[in-house]
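S.K.: Attaching a single structure in structure tokens format; questions to follow.
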Amino acid sequence: QQQVKQSPQSLIVQKGGISIINCAYENTAFDYFPWYQQFPGKGPALLIAIRPDVSEKKEGRFTISFNKSAKQFSLHIMDSQPGDSATYFCAASYSGNTPLVFGKGTRLSVIA
Amino acid sequence: NAGVTQTPKFRVLKTGQSMTLLCAQDMNHEYMYWYRQDPGMGLRLIHYSVGEGTTAKGEVPDGYNVSRLKKQNFLLGLESAAPSQTSVYFCASSDSNSPLHFGNGTRLTVT
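First to last, the sequence lines map onto chains X and L.
Numbering-wise (my numbering), the first sequence opens with residue 1 and increments by one.
Numbering-wise (my numbering), the second sequence opens with residue 1001 and increments by one.
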């Protein structure tokens, strides 16, 4: 049973465009939703995270949108750059520092 | 400050051989985790530890054992390697006030 479903598997975006990656979760007890970015040969690194008390969080060109009623959250990358080309993972967990459950990842390619 | 260090970086094993992957963190984190990453499967939790001397099973624990004898180290053992254990293994650590910090992975091939 996959607790966090991520789409699309891969995404190609023109430089300067908007990249959108979606995730849906099943467990309503989840209350922490991070996004991780992974470059080839490296471990994932935290990009941005949100808790369900807000519907949106923005950090620079990266925004998380959160829809509690639909049990969905998404990552938007504005003005996408070739340096954003990486694999992105959404994840979820609930209070008590329980282990994160990850989506299957989205490979983003930003082309000039 | 090295963060999370994994050794070795690469390893090739024959079916049936055993090995231990070592993870060390220097951030004094309480929690440590082992994940495996396979194409199209994302990151799946193998085992984790919420403190020195404690371990717990994750989503895919079969064929692996772990030990957390010291707070800064978390060992992942494969007693009898199988081709299905060919993967990239990531160790991570965290505490109640920090997100997961990952190492750079160990790429294991079992032939």
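We put the CB at the ideal spot given by N, CA and C, even for glycine.
What you are looking at is a predicted structure, and each value in this text was computed from that prediction instead of being measured.
#1: When you compare each of L:Tyr1035, L:Pro1083 and L:Gly1058 to Gln1006 of chain L by their alpha carbons, which one comes out closest?
#2: Given 6 Å as the limit, tell me if Gly103 of chain X has its C-beta closer than that to any heavy atom belonging to the ligand MN.
#3: Using a C-beta cutoff of 7 Å, does Lys58 of chain X count as contacting chain L?
#4: Taking its Cβ as the centre, do 16 or more other Cβ atoms sit within 10 Å of Arg51 of chain X, making it buried, or is it exposed?
#5: Is there a Cβ of chain L sitting closer than 7 Å to that of Pro99 of chain X, yes or no?
#6: Does Phe30 of chain X pass the burial test, meaning 16 or more other C-beta atoms within 10 Å, or should it be called exposed?
#7: Looking at C-alpha atoms only, which residue of X:Val54, X:Pro99, X:Pro8 and X:Phe39 is the closest neighbour of Ala24 of chain X?
#8: On the criterion of 16 or more Cβ atoms from any shown chain inside 10 Å, does Thr1106 of chain L qualify as buried, or is it exposed?
#9: Indicate the three-state DSSP secondary structure (helix, strand or coil) for Gly1042 of chain L in the structure shown.
#10: Measuring alpha carbon to alpha carbon, tell me which residue in X:Ala112, X:Ile111, X:Gln38 and X:Thr106 is nearest Gln6 of chain X.
#11: Please report the straight-line C-alpha distance between Gln81 of chain X and Val110 of chain X, rounded to a whole angstrom.
#12: Please return the same chain residues whose Cβ sits closer than 6 Å to the Cβ of His1029 of chain L, not counting the five positions on each side in sequence.
#13: What first and last residue would you give for the beta strand (DSSP E) that runs through Arg61 of chain X?
#14: Quick one: grab the DSSP three-state call for Ser1080 of chain L.
#15: Less than 8 Å between C-beta atoms, sequence neighbours within five positions excluded: which residues of the same chain meet that for Ser1049 of chain L?
#16: Tell me, which residues are paired with Ile12 of chain X by DSSP?
#17: Could you tell me which residues DSSP puts in a beta bridge with Lys5 of chain X?
#18: Starting from Asn1104 of chain L, find everything on chain X with Cβ-Cβ shorter than 9 Å and list it in chain order.
M.R.: This is what the structure gives:
#1: As a first step, residue 1006 of chain L is located in the second sequence; it is residue number 6 there, counting from the start. Considering only alpha carbons, the answer is L:Tyr1035.
#2: The ligand MN is not part of this structure, which contains no ligands at all.
#3: In the first sequence, counting from the first residue as 1, residue 58 of chain X sits at position 58. No, no contact with chain L.
#4: One-based indexing of the first sequence puts residue 51 of chain X at position 51. With fewer than 16 Cβ atoms within 10 Å of its Cβ, Arg51 of chain X is classed as exposed.
#5: In the first sequence, the residue the question calls residue 99 of chain X occupies position 99. Closer than 7 Å: yes.
#6: In the first sequence, residue 30 of chain X corresponds to position 30, counting from 1. Within a 10 Å sphere around the beta-carbon of Phe30 of chain X sit 16 or more other beta-carbons, which makes this residue buried.
#7: To locate residue 24 of chain X, count along the first sequence from 1; it is residue 24. Taking only the C-alpha atoms, the option nearest Ala24 of chain X is X:Pro8.
#8: Counting from 1 along the second sequence, the entry for residue 1106 of chain L is found at position 106. Under this definition Thr1106 of chain L is a buried residue.
#9: Translated into positions along the second sequence, residue 1042 of chain L becomes position 42. Three-state DSSP puts Gly1042 of chain L in a strand.
#10: Position 6 of the first sequence, counted from the first residue, corresponds to residue 6 of chain X. Cα-wise, what sits closest to Gln6 of chain X is X:Thr106.
#11: Taking the first residue of the first sequence as 1, we reach residue 81 of chain X at position 81. Taking the first residue of the first sequence as 1, we reach residue 110 of chain X at position 110. Cα to Cα, Gln81 of chain X sits roughly 6 Å from Val110 of chain X.
#12: Residue numbering aside, residue 1029 of chain L sits at position 29 when the second sequence is read from its first letter. So the qualifying residues of the chain are Ser1093, Ser1094 and Asp1095.
#13: Taking the first sequence and counting its residues from 1, the one referred to as residue 61 of chain X is at position 61. For Arg61 of chain X, there is no enclosing beta strand (DSSP E), since its DSSP letter is neither H nor E.
#14: Reading the second sequence from its first residue, position 80 is the one you call residue 1080 of chain L. Ser1080 of chain L sits in coil when the DSSP states are folded into three classes, being neither helix nor strand.
#15: What you label residue 1049 of chain L is simply residue 49 of the second sequence in a count that begins at 1. Cβ neighbours of Ser1049 of chain L beyond the five flanking positions: Tyr1031, Met1032, Tyr1033, Thr1055, Ala1056, Val1066, Arg1068 and Phe1074.
#16: Translated into the one-based positions of the first sequence, residue 12 of chain X becomes position 12. Bridge partners of Ile12 of chain X: X:Ser109.
#17: Looking up residue 5 of chain X in the first sequence gives position 5. The partner list for Lys5 of chain X (beta bridge, DSSP) reads X:Ala24.
#18: Against the second sequence, residue 1104 of chain L aligns to sequence position 104. Within chain X, the C-beta atoms nearer than 9 Å to that of Asn1104 of chain L come from Gly41, Lys42 and Gly43, in chain order.
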